[in-house]
Each structure stands twice: as structure tokens, then as C-alpha cells.
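Written out below as C-alpha cells is the structure these notes cover.
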Amino acid sequence: MIVYEFYFRVCRKIKGILSFYIYCFCFKKIGRKSTIYKPDMLQGMKFISIGERTHFQQGLWILALRTDSNINPNINIGNDVYVGRYAHIVSIKNVNICNNVLIADKVYISDNIHQYHDTSKPIKDQPILCKGSVTINEGAWLGENVCVIGASVGKNSVVAANSVVTTDVPDYTVVAGAPAKVIKKFNFDSQSWESV
Numbered sequence: 001m002i003v004y005e006f007y008f009r010v011c012r013k014i015k016g017i018l019s020f021y022i023y024c025f026c027f028k029k030i031g032r033k034s035t036i037y038k039p040d041m042l043q044g045m046k047f048i049s050i051g052e053r054t055h056f057q058q059g060l061w062i063l064a065l066r067t068d069s070n071i072n073p074n075i076n077i078g079n080d081v082y083v084g085r086y087a088h089i090v091s092i093k094n095v096n097i098c099n100n101v102l103i104a105d106k107v108y109i110s111d112n113i114h115q116y117h118d119t120s121k122p123i124k125d126q127p128i129l130c131k132g133s134v135t136i137n138e139g140a141w142l143g144e145n146v147c148v149i150g151a152s153v154g155k156n157s158v159v160a161a162n163s164v165v166t167t168d169v170p171d172y173t174v175v176a177g178a179p180a181k182v183i184k185k186f187n188f189d190s191q192s193w194e195s196v
């Protein structure tokens, strides 16, 4: 068992080093000691920057989609970010994930939606609309199955599992629900989280 574990660790380390050097030529930028473990799909890599010591678990789908010849999409992911399994990150304009963010499994982050106003056309044939730039600020935590669409999440804020965020979340708050609403705020005087 010990030999197997050692062999597995060595193989994973070698694979990580090889992947890093391949990704250096594909991404706009990828920092030292960052890893992407068994991605599902990486599209628009020349518009994606990844900081140092950032780790993506298996099943990642990240898409920087150019829908306008005058606007380049941008996905910027900071240092020391952890992204869980089967995350889906999409940008047609700007998605920014700051340093030290924790993203659980099956999280969806997007700055866009499909238009659906023309009922004479299938939704898939209608244009994609930017809902607004997305910023997940430093130290935030997105729980499992969270959706963030065209909104920002504040510094050191928590988005509870299964929540849908469509409006900005203030710093130092906990939000939950669909749509997400503030349920707790951090009180700096008492140094505790308080229900709202």
C-alpha cells in the first residue's frame, strides 16, 4: 500500500509538471505551482489568466467566448484559489476571481445569459447578452451548486450551497437562497457573525 501511494504521488507530480509547461504556452498567463486536474473543456485559453498556487479539481469547464469582434473576453483568476470539481466558468466580457477564494464543487460563474425575448426564435438561436462583470472578491467562499450570474461577491463573504446570486453581495456577509438574500453580517464591534 505504501509503495502504491508513493508511486501515485510521483506520477501525479510528473503529470502536473508536464501539464504546467504545456499550459504556459496556451493560457494568457498561468502562475507557478498552479494545477488543473483532468479538465473537461478549456476554451479561449488566450483570454484566461491564472495566478500562482491555484488549483482546479477534475471536470473544469472554462470558456472565454468572443461574441463581439471589438471586445475580448477576460477571465482572471488570482493566487491561492481553490476550485472544486465540475466548476463551470464562462465570460463574454469580464470575470475576475480574486486571491484566496474557495469555490466548492459544481459552481457556475457567468457574466452572461441567452436572450429569450424573440418568441419566434428558439432561445439557442438568440444572441448572448452580458449581464455585467463578475468579481468574486478576496477570501470569499462559494458553496456547492452555487450560481453567480452577472453579479459580484464581496470580500470574505459566504454564499450558501444551492444559492443563485444575481445581485451584488456586500463584503463580510452570508447569503442564501434563490435569489440569494443576506442572512448574516459580520459585526466588527462584537467580532461575530450576526443574523439579519
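When we follow UniProt numbering, the leftmost residue of the sequence shown carries the number 1, and every step to the right adds one.
Beta carbons are placed, not taken as given, at the ideal position from N, Cα and C, and that holds for glycine.
**Request:** Name the one or two DSSP bridge partners that Ile75 has.
**Result:** Ile48, Val95
**Item:** Boundaries (first-last residue) of the beta strand (DSSP E) holding Lys38
**Value:** Segment: none, Lys38 is in no beta strand (DSSP E) and carries neither H nor E.
**Alpha-carbon to alpha-carbon, Lys93 and Gln115** = 16 Å
**N-terminal and C-terminal residue of the beta strand (DSSP E) that Asn112 is part of** = 112 to 114
**Item:** Coarse secondary structure for Asp68, derived from DSSP in three states
**Value:** Shown here, Asp68 sits in a strand according to DSSP, grouped into three states.
**Asked** Can the beta-carbon of Gly31 be found less than 7 Å from the beta-carbon of Gly59?
**Response** no
**Request:** Count the other CB atoms, across all protein chains shown, that sit within 10 Å of the CB of Val81; report buried if there are 16 or more and exposed otherwise.
**Result:** buried
**Request:** Mind the definition here: the stretch 66 to 85 touches the stretch 97 to 107 only if three or more C-beta pairs lie below 8 Å; say whether that holds.
**Result:** yes
**Message:** What does DSSP give as the partner residue(s) for His117 in the beta ladder?
**Reply:** Partner(s): none; His117 has no beta bridge.
**Request:** Go to Phe186, then tell me how far its beta strand (DSSP E) extends in each direction, as first and last residue.
**Result:** 181 to 187
**Message:** Suppose you measure from the CA of Ile48 to the CA of Asn72; what does that come to, to the nearest Å?
**Reply:** 11 Å
**Prompt:** How many angstroms separate the CA atom of Lys106 from the CA atom of Ala178?
**Reply:** 16 Å
**Trp141 at chain C interface by Cβ criterion, 7 Å** = Given the protein chain composition of this structure (a single chain), no chain C is represented.
**Request:** Write down the C-beta distance between Val83 and Phe56 rounded to the nearest angstrom, noting that I regard them as a contact closer than 8 Å.
**Result:** With a Cβ gap of about 5 Å, Val83 and Phe56 count as contacting.
**Pairwise C-alpha distance: Ala64 and residue 217** = Outside the modelled stretch of the chain, which goes from 1 to 196, sits residue 217, for which no answer is possible.
**Prompt:** Any idea if Ile62 is buried or exposed, counting beta-carbon neighbours within 10 angstroms, 16 or more meaning buried?
**Reply:** buried
**Message:** Taking the beta strand (DSSP E) that Thr135 belongs to, which residues open and close that run?
**Reply:** 134 to 136
**Request:** Compare the Cα-Cα distances from Glu87 to each of Thr173, Lys155, Pro39 and report the closest residue.
**Result:** For the record, residue 87 in the displayed sequence is Ala; it is not Glu. The option with the nearest alpha carbon to Ala87 is Pro39.
**Asked** Quick one: what's got a C-beta closer than 6 Å to Met45's C-beta in the same chain, skipping five residues either side?
**Response** Excluding positions up to five away in sequence, the list reads Cys26, Phe27.
**Own chain partners of Val164 with C-beta closer than 7 Å, once the 5 adjacent residues on each side are dropped** = The answer, listed in chain order, is Cys147, Ala178, Pro179, Ala180.
**Request:** Taking all protein chains shown into account, decide if Val169 is buried (16 or more other Cβ within 10 angstroms of its Cβ) or exposed.
**Result:** buried
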